[in-house]
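Undergrad:
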Amino acid sequence: RGGVGLDGWSGEVEGAGNATLKTSCETSAVGRLLSQAASFRSFAAILLDGRVVTWGPADCGGDSQAVRDQLTQVKQIQSTWQAFAALKTDGSVVTWGDPSSGGDSRCVKERLRNVIQIAATSRAFAALRADGEVVTWGLQEFGGDSSKVQHQLAQVTHIQAGGQSFAALRSDGRVVSWGHHSIDLRRVQDFRHVQSIGASRSAFAATTADGKVVTWGNASEGGDSGAVQDELQRL
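Residue numbers (this note's numbering): 664 to 898.
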């Protein structure tokens, strides 16, 4: 899964299968790939043995030499526009690339433990821990600062990322959203019994237990479903 928006690339491409990576610096086969991810202009690939190979411009995460020794037993990689975050099997996280896009996670390093999921907007990361708490870093206006809603980020079961904002689904069916100013936090607080969330670049759609669909975010990018709300109530 993955996509590219006007602000850059965010996503993960799974099931890469057999591949031989050839660049100006790497001309031999690096082996069978487990998965790969892409920033705006660089790539990161996980090998079957859990090691990571990167290539492309350094300012977009193509150079991982500084953290190469830490990139072992990796099981998932997510990317922002110019940085990568790797989730290891022990629940720790390794980041590299442009600091303003989430490539520097030192400010939250002590909290990045027992992580089970990483999500990414185009400029920030969010990590979900096994205890249901959420850790964020990166550019503030793209979701890197969740301090205003941190007291609500408990018992979280899943994080959905758009291009500019995050939405967290809690075990009680409530939704917490933060990031770009186009997100209406007051509207989200009214949602109940949400089961799943989808995202565009700057809008979200959530399905509730009774089959209804609720939307929020930038109206021009799907945040306003008023015109089809009657039809959505009959799903």
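For glycine and all other residues, C-beta sits at the position ideal for the given N, C-alpha and C. All figures in this text were calculated on a predicted structure; none of them were measured in a lab.
Going by CA-CA distance only, name the one from 787, 853 and 757 that's closest to residue 823.
TA: Counted from its first residue, the sequence shown places residue 823 at position 160. Closest by alpha carbon: 787.
Undergrad: For residue 710, report the span of its beta strand (DSSP E) as first-last.
TA: Here residue 710 corresponds to residue number 47 of the sequence shown, with the count starting at 1. Counting along the chain, the beta strand (DSSP E) containing residue 710 begins and ends at 706 to 710.
Undergrad: When DSSP builds the beta bridges, which residues end up paired with residue 896?
TA: Within the sequence shown, the letter at position 233 stands for residue 896. Note: residue 896 sits in no beta bridge, so no partner.
Undergrad: Distance check for residue 805 and residue 736, CA to CA, integer angstroms please.
TA: Numbered from 1 along the sequence shown, position 73 holds the residue referred to as residue 736. Numbered from 1 along the sequence shown, position 142 holds the residue referred to as residue 805. When rounded, the distance between both Cα atoms is 29 Å.
Undergrad: I need the straight-line Cα distance from residue 760 to residue 770, nearest angstrom please.
TA: Residue mapping note: residue 760 aligns to position 97 of the sequence shown, counting from 1. Residue mapping note: residue 770 aligns to position 107 of the sequence shown, counting from 1. For residue 760 and residue 770, the distance between alpha carbons rounds to 15 Å.
Undergrad: Should residue 752 go down as buried or exposed, given a rule of 16 or more other Cβ atoms within 10 Å for buried?
TA: By 1-based counting over the sequence shown, the position of residue 752 is 89. It counts as exposed.
Undergrad: How many Å lie between residue 834 and residue 819 at the Cα?
TA: For the purposes of this step, residue 834 is taken as residue 171 along the sequence shown, with counting starting at 1. For the purposes of this step, residue 819 is taken as residue 156 along the sequence shown, with counting starting at 1. Straight-line Cα distance between these residues: approximately 6 Å.
Undergrad: Straight-line CA distance for residue 878 to residue 728?
TA: For this step, residue 878 is matched to residue 215 along the sequence shown. For this step, residue 728 is matched to residue 65 along the sequence shown. Computed Cα separation, rounded: 42 Å.
Undergrad: Exposed or buried, residue 859, counting other C-beta atoms within 10 Å across all chains shown (16 or more means buried)?
TA: Along the sequence shown, read from residue 1 onward, the residue named residue 859 stands at position 196. It is exposed - the Cβ of residue 859 has fewer than 16 other Cβ atoms within 10 Å.
Undergrad: Strictly by DSSP, which residues pair up with residue 870?
TA: Looking up residue 870 in the sequence shown gives position 207. Bridge partners of residue 870: 859 and 876.
Undergrad: Which of the three DSSP states, helix, strand or coil, is assigned to residue 883?
TA: The sequence position of residue 883 within the sequence shown is 220, counting from 1. Helix, per DSSP.
Undergrad: Rounded to whole angstroms, what is the Cα-Cα separation between residue 836 and residue 873?
TA: Residue numbering aside, residue 836 sits at position 173 when the sequence shown is read from its first letter. Residue numbering aside, residue 873 sits at position 210 when the sequence shown is read from its first letter. So the two alpha carbons sit approximately 12 Å from each other.
Undergrad: I want to see whether chain B comes within less than 8 Å of residue 786, judged by CB atoms only; does it?
TA: Protein chains in the displayed structure number just one, and chain B is not present.
Undergrad: What three-state label does DSSP hand residue 842 in the structure shown?
TA: Residue 842 sits at position 179 when you count from the first residue of the sequence shown. In the structure shown, residue 842 sits in a strand (DSSP, three-state: E or B).
Undergrad: Am I right that residue 756 and residue 781 are in contact with their C-beta atoms under 8 Å? What's the rounded C-beta distance?
TA: Residue 756 sits at position 93 when you count from the first residue of the sequence shown. Residue 781 sits at position 118 when you count from the first residue of the sequence shown. Confirmed, about 7 Å.
Undergrad: Sorted by chain position, which residues of the same chain lie with C-beta nearer than 6 Å to residue 896's C-beta, five sequence neighbours on each side aside?
TA: The count along the sequence shown starts at 1 and reaches residue 896 at position 233. 875, listed in sequence order.
Undergrad: Can you grab the Cα-Cα spacing for the pair residue 821 / residue 831, in whole Å?
TA: Your numbering for residue 821 matches position 158 in the sequence shown. Your numbering for residue 831 matches position 168 in the sequence shown. Rounded to the nearest angstrom, the two C-alpha atoms are 6 Å apart.
Undergrad: By DSSP, does residue 745 sit in helix, in strand, or in coil?
TA: Mapped onto the sequence shown, residue 745 falls at position 82. In this structure, residue 745 counts as coil in the three-state DSSP scheme.
Undergrad: What separation, rounded to the nearest whole angstrom, lies between the Cα atoms of residue 881 and residue 702?
TA: Translated into the one-based positions of the sequence shown, residue 881 becomes position 218. Translated into the one-based positions of the sequence shown, residue 702 becomes position 39. Their backbone Cα atoms lie some 24 Å apart in a straight line.
Undergrad: Can you check DSSP and say which residues form a bridge with residue 802?
TA: The sequence position of residue 802 within the sequence shown is 139, counting from 1. Residue 802 is not bridged to any residue.
Undergrad: Exposed or buried, what is residue 739 when buried is set at 16 or more other beta-carbons lying within 10 Å of its beta-carbon?
TA: In the sequence shown, the residue the question calls residue 739 occupies position 76. With 16 or more Cβ atoms within 10 Å of its Cβ, residue 739 is classed as buried.
Undergrad: Along the chain, where does the beta strand (DSSP E) containing residue 758 start, and where does it finish?
TA: Your numbering for residue 758 matches position 95 in the sequence shown. Looking at the DSSP string, the run of the beta strand (DSSP E) that includes residue 758 is 756 to 760.
Undergrad: Would you report the Cα separation of residue 868 and residue 799, rounded to the nearest angstrom?
TA: One-based indexing of the sequence shown puts residue 868 at position 205. One-based indexing of the sequence shown puts residue 799 at position 136. The straight-line gap from Cα to Cα measures roughly 22 Å.
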